[in-house]
Amino acid sequence: GAVVSQHPSRVICKSGTSVKIECRSLDFQATTMFWYRQFPKQSLMLMATSNEGSKATYEQGVEKDKFLINHASLTLSTLTVTSAHPEDSSFYICSARMEGADTQYFGPGTRLTVL
Amino acid sequence: KQEVTQIPAALSVPEGENLVLNCSFTDSAIYNLQWFRQDPGKGLTSLLLIQSSQREQTSGRLNASLDKSSGRSTLYIAASQPGDSATYLCAVRQEGYSTLTFGKGTMLLVSP
Chain A
1171 GAVVSQHPSR VICKSGTSVK IECRSLDFQA TTMFWYRQFP KQSLMLMATS NEGSKATYEQ
1231 GVEKDKFLIN HASLTLSTLT VTSAHPEDSS FYICSARMEG ADTQYFGPGT RLTVL
Chain B
10 KQEVTQIPAA LSVPEGENLV LNCSFTDSAI YNLQWFRQDP GKGLTSLLLI QSSQREQTSG
70 RLNASLDKSS GRSTLYIAAS QPGDSATYLC AVRQEGYSTL TFGKGTMLLV SP
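Line by line, the protein sequences are chains A and B.
Heads up, the first sequence is in this note's numbering, so the first residue is 1171 and it goes up one at a time.
Heads up, the second sequence is in this note's numbering, so the first residue is 10 and it goes up one at a time.
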């Protein structure tokens, strides 16, 4: 149980285009979802926290107009990287948590490469 | 602001050795601490979660300890195997917050 999926697993796009990444909780309802970014040999950095039906809370230094997060249902959150640039190339990982639970369940990650 | 440090950054051992990975955090007001495993290019797998009131947790060959007052945790891996090769991440959740702060990880290589 407690499986989180991400789609796509890899995406390559041209500079200036927008990319949408989906995060789904497959067998539980996730009241809270988290989006992280991980650069090579670095740790996971939290980008934003999203609660179903409300606006996401962004960490300091993360541009909310560039990284659009939508948590439209209890099983789906999306991250859209708008007008992507090469410096946005990274590994994006989401996690999901049930209401009242301590544990976050992590997705397999999405590798974004912007050319 | 909470900071999490993991030492060593990388570790290479022969199969069968027992080993210890270290994690330290600057703010002891934590809610819990969690150890994760990450394989190259993959997501995270939770290994052990220790609540702030606990001293240790065990799962199979893994044992994690927590000394909240000194801001330290260790992950002990007994009888290491090549399949244990991965990056091990430590993360803390602060009291009153729902988010996790991660260390940079320890990259472990267990050679046959």
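We put the CB at the ideal spot given by N, CA and C, even for glycine.
Predicted, not measured: the structure shown is a model, and the values here were computed from it.
For the region 69-84 of chain B, the set of residues with a beta-carbon nearer than 9 Å to any beta-carbon of chain A is empty. By the CB criterion at 9 Å, Leu1196(A) and Tyr1206(A) fall outside the cutoff. Contact annotation: Thr1283(A) and Ser1253(A) have beta-carbon atoms that are not nearer than 9 Å.
Among the CB atoms of chain A, one or more fall inside 9 Å of the CB of Thr54(B). Straight-line measurement puts the Cα of Gln1176(A) at about 14 Å from the Cα of Ile1239(A). With fewer than three CB-CB distances shorter than 8 Å, the region 45-53 of chain B does not count as touching the region 30-37 of chain B.
Taking C-alpha positions only, Val119(B) is separated from Asp1272(A) by approximately 31 Å. Bridge pairing for Thr1202(A): Asn1221(A), Arg1267(A) [DSSP].
Residue contact with chain B for Met1215(A): present (Cβ-Cβ distance below 9 Å to some residue of chain B). Chain B has no Cβ within less than 9 Å of the Cβ of Arg1194(A).
Under the criterion of beta carbons closer than 8 Å, Val1174(A) and Gly1277(A) qualify as touching, at roughly 4 Å. Residue pairing by DSSP places Arg1207(A) opposite Met1215(A), Tyr1262(A) in a beta bridge. The beta carbons of Arg46(B) and Leu98(B) sit closer together than 9 Å.
Note: Leu117(B) is bridge-paired with Leu20(B), Ala95(B) in the DSSP secondary-structure output. Along the region 99-121 of chain B, going in chain order, the ones with a CB nearer than 9 Å to a CB of chain A are Ala100, Arg102, Ser107, Thr108, Leu109, Thr110, Phe111, Gly112, Lys113, Gly114, Met116.
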